[in-house]
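Each residue of the sequence shown is one higher than the one before, starting from 27 at the first, in the numbering used here.
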Amino acid sequence: MCNKYDPQHEAEAAMKRAAASEGADRQRLIELAIAWHQLARERRDVEPTE
């Protein structure tokens, strides 16, 4: 899977933004980070290991 996004990096960035946010923005960014983390986990499960 060739993709310019690194889901793990995006998850970490979203959590850093969430830590600096408050209220509804914080909750939205936490949910975004969880979604990125799930994508990263699925990518690890699908990619072949050598």
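For each residue, glycine too, the CB sits at the ideal point set by N, CA and C.
Check	Outcome
CA-to-CA distance, valine 72 to arginine 52, given in whole angstroms	30 Å
Residues near tyrosine 35 by beta carbon distance below 6 Å, same chain, minus five either side	Here the sequence assigns histidine to residue 35, which means tyrosine is not the residue at that position. Within the same chain, histidine 35 has no close Cβ partners at all.
Residue range of the alpha helix (DSSP H) that includes alanine 59	49 to 72
Presumed contact (8 Å Cβ cut-off) between leucine 55 and arginine 43, rounded CB distance	5 Å
Helix, strand or coil at lysine 30 [DSSP, three-state]	coil
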